[in-house]
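Residue numbers (full-length UniProt numbering), protein chains in the order written: chain P, 1 to 411; chain R, 1 to 209. Please read the structure below before turning to the comments.
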């Protein structure tokens, strides 16, 4: 009955209640969305980073190098000679060097030339088909296979560059030999092949160019053959150190004494999150302010209606209601409004996540799909309830001061 | 049986009231007549246990009602008294039916739709049960508040100026209604009013001055 009266009171002031719920919904939705996105971004970023101590590549922005090599989102800084990288890998502090070579894509999915160590690094297994053996054999990341519909045995032509609109290498076709298991990491969105495949496909292209220009001599050709192995280029290499000592000495040494650039993922990602963090914090404060305004609107709404309902309250008191019971009834109104706001907010944030996820997936092949309730949202729930209770309690406390006789005699 | 003796009340040093003793048997009616400022409303509020008198006693069926704690007072009021205020007020967000049942709920009694329906039938507003109280006319509202006062089968019914806004015809009707309903449930009916038309209708009356 108490609940019924509260509920009817809320329905009786539809516009007021709607405004309170709307504000609460907005605040909760924004914070909840930020929580979800922030958590998933951080999850993805830290998962992909794990184990990689340093990235070497061409000179440029260190953040760009990390984004392109570790997360496969930004463009690479340029190419470097494999021999230079191998020289660094000779250092006793280096435990492992994983070369990466990219430059082509299929429907926007990057084709990355690498070796077996890359798979070992992610601990990913082939679920159907086999690992690549020959040139132009590829294995697909799980998400790629899902979205393109390619199966083992299919062939496709890649396009030059890293976005889908590049020029198509029509003459050579890649052959899918296997598909990887879901790894929930960047590898899900990659097409992987051997380093040789990447080199071959671009050599063909260069030959085609030179023939067109009719400006190549046999002498040059022979020279190129000779220099072949040493002048092989890769985009970057992921380095794992044997000990933290490597972190101290190697990056500075490389950056100062070679044509290469070394970047530390942990530092760059922290920098990125610091930059993002300012924006996220700002939005969170904004959302908290909106929630607070929702509380104020509950307060104003109840305060005004209590003035009108003073006689009603005195009447109920004279009919035997205890003051505490009426106080609870009014609190319940605040709680109900906060509760509706919270539920609506969580639903809106989930819808938002689905929309954002679709966008991210289209643009970056970056899938966010966490729908479960976050721990942060439990605090949010408590916060929303606290605001609702407080906003309702402040005006309702007057119930304890109401003089029944005087109020009833006034009219 | 309502027995009242030697009630005294003071708002402050200048405004003091002392009321005559009286009693009212079950099924009987008592008229308390007085002009404005004679302490009518004060007496009604004391009888309704909304004000605590300085001294004196109010007994319903030999049970003392003066000097109880606020919590006990509220409970006693809800269980033993039915009060009809001069102006009808309701919980505006609830329907007529819910307003009636609310009397049961607040007195911690069993919620009886049947009782509400039966009272609505005998007071002639059965078709209004599902309506909001704000949509009712003044006469309808008064009948609903009479029904509400009867919901818990009280031993004493207190009515504050029940006829002051009514024409002669309706005045007659309402008074008959109150008397009949009080008789039906065997309650003592106490009417506090300044309405001189009621003077001749009741044999048992007290005039305040």
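Ideal Cβ placement from N, Cα and C applies to all residues, glycine included.
is_contact[residue i, chain P] using C-beta, thresh 8 Å
i, result
"residue 191 of chain R", "no"
"residue 75 of chain R", "yes"
"residue 11 of chain R", "no"
"residue 3 of chain R", "no"
"residue 51 of chain R", "yes"
"residue 159 of chain R", "no"
"residue 204 of chain R", "no"
"residue 91 of chain R", "yes"
"residue 25 of chain R", "no"
"residue 175 of chain R", "no"
"residue 83 of chain R", "yes"
Close beta carbons around residue i, own chain, < 6 Å, minus the five adjacent residues each side
i, result
"residue 45 of chain R", "51"
"residue 211 of chain P", "In this predicted model, residue 211 of chain P has a pLDDT of only 46, less than 50, meaning its place in the structure is not dependable enough to derive any value."
"residue 401 of chain P", "none"
Residue i to residue j span [Cα, whole Å]
i, j, result
"residue 72 of chain P", "residue 303 of chain P", "56 Å"
"residue 213 of chain P", "residue 104 of chain P", "Because residue 213 of chain P sits at a pLDDT of 45, beneath the cut-off of 50, its placement in the model cannot be relied upon, and the point is left open."
"residue 216 of chain P", "residue 241 of chain P", "Confidence at residue 216 of chain P is low in this model, with a pLDDT of 45, below 50, so the placement of that residue should be treated as unreliable; the coordinate-derived value is given next. Whole-angstrom Cα-Cα distance: 44 Å."
"residue 4 of chain R", "residue 42 of chain R", "14 Å"
"residue 192 of chain R", "residue 397 of chain P", "33 Å"
"residue 416 of chain P", "residue 275 of chain P", "A query on residue 416 of chain P cannot be resolved here, the shown segment of chain P reaching from 1 to 411 and no further."
"residue 210 of chain R", "residue 11 of chain R", "Because chain R spans 1 through 209 in this model, residue 210 of chain R falls outside it and cannot be assessed."
"residue 28 of chain P", "residue 291 of chain P", "7 Å"
"residue 32 of chain R", "residue 200 of chain R", "12 Å"
"residue 137 of chain R", "residue 116 of chain R", "19 Å"
"residue 186 of chain P", "residue 144 of chain P", "11 Å"
"residue 380 of chain P", "residue 24 of chain P", "11 Å"
"residue 191 of chain P", "residue 375 of chain P", "35 Å"
"residue 282 of chain P", "residue 38 of chain P", "13 Å"
"residue 146 of chain P", "residue 287 of chain P", "37 Å"
"residue 278 of chain P", "residue 272 of chain P", "10 Å"
"residue 220 of chain R", "residue 2 of chain P", "Given a span of 1 to 209 for chain R in the structure shown, any question on residue 220 of chain R remains unanswerable."
"residue 129 of chain R", "residue 112 of chain R", "14 Å"
"residue 115 of chain P", "residue 197 of chain P", "11 Å"
Presumed contact (8 Å Cβ cut-off) between residue i and residue j, rounded CB distance
i, j, result
"residue 98 of chain P", "residue 118 of chain P", "5 Å"
"residue 166 of chain R", "residue 179 of chain R", "15 Å between Cβ atoms; not a contact."
"residue 35 of chain P", "residue 377 of chain P", "6 Å"
"residue 32 of chain P", "residue 346 of chain P", "6 Å"
"residue 101 of chain P", "residue 195 of chain P", "5 Å"
"residue 141 of chain P", "residue 188 of chain P", "4 Å"
"residue 177 of chain P", "residue 138 of chain P", "7 Å"
"residue 88 of chain R", "residue 145 of chain R", "4 Å"
"residue 212 of chain R", "residue 19 of chain R", "Summary: the structure shown does not reach residue 212 of chain R, with chain R confined to residues 1 through 209, and so no result is reported for it."
Chain R within 8 Å of residue i, Cβ atoms only
i, result
"residue 24 of chain P", "no"
"residue 322 of chain P", "yes"
"residue 409 of chain P", "yes"
"residue 398 of chain P", "no"
"residue 329 of chain P", "no"
"residue 333 of chain P", "no"
"residue 303 of chain P", "no"
"residue 8 of chain P", "yes"
"residue 291 of chain P", "no"
"residue 33 of chain P", "no"
"residue 353 of chain P", "no"
"residue 405 of chain P", "yes"
"residue 311 of chain P", "yes"
"residue 318 of chain P", "yes"
"residue 19 of chain P", "no"
"residue 315 of chain P", "yes"
"residue 43 of chain P", "no"
Cut-off 8 Å between Cβ atoms - residues of its own chain near residue i, not counting five sequence neighbours on either side
i, result
"residue 61 of chain P", "77"
"residue 26 of chain R", "1, 155, 186, 187 and 188"
"residue 47 of chain P", "184 and 185"
"residue 200 of chain P", "135, 136 and 172"
"residue 152 of chain R", "78, 79, 82, 103, 104, 107 and 109"
Contacts that residue i makes with chain C (C-beta to C-beta distance below 8 Å)
i, result
"residue 41 of chain R", "In the structure shown, chain C cannot be found, because the protein chains are P and R."
Cβ shell of residue i (< 7 Å), same chain only, five flanking positions each side left out
i, result
"residue 316 of chain P", "326"
"residue 390 of chain P", "295"
"residue 21 of chain P", "337, 340, 341 and 344"
"residue 318 of chain P", "404 and 408"
"residue 265 of chain P", "49, 52, 55, 66 and 70"
"residue 148 of chain R", "99, 100 and 103"
Residue i CB to nearest heavy atom of the ligand HEM below 7 Å
i, result
"residue 144 of chain P", "Ligands are entirely absent from the displayed structure, and the ligand HEM is therefore not among its contents."
Taking 8 Å as the threshold, find out whether the region 326-343 of chain P comes into contact with the region 51-58 of chain P through three or more Cβ pairs.
Cβ pair count under 8 Å is below three, so no.
Would you check if there are 3 or more beta carbon pairs closer than 8 Å linking the region 290-310 of chain P to the region 75-85 of chain R?
Of all C-beta pairs linking the region 290-310 of chain P to the region 75-85 of chain R, fewer than three are shorter than 8 Å, placing the two stretches out of contact.
State whether the region 246-258 of chain P contacts the region 7-22 of chain P, with contact taken as three or more CB pairs (one from each stretch) at a distance under 8 Å.
Contact fails: fewer than three Cβ-Cβ distances are below 8 Å.
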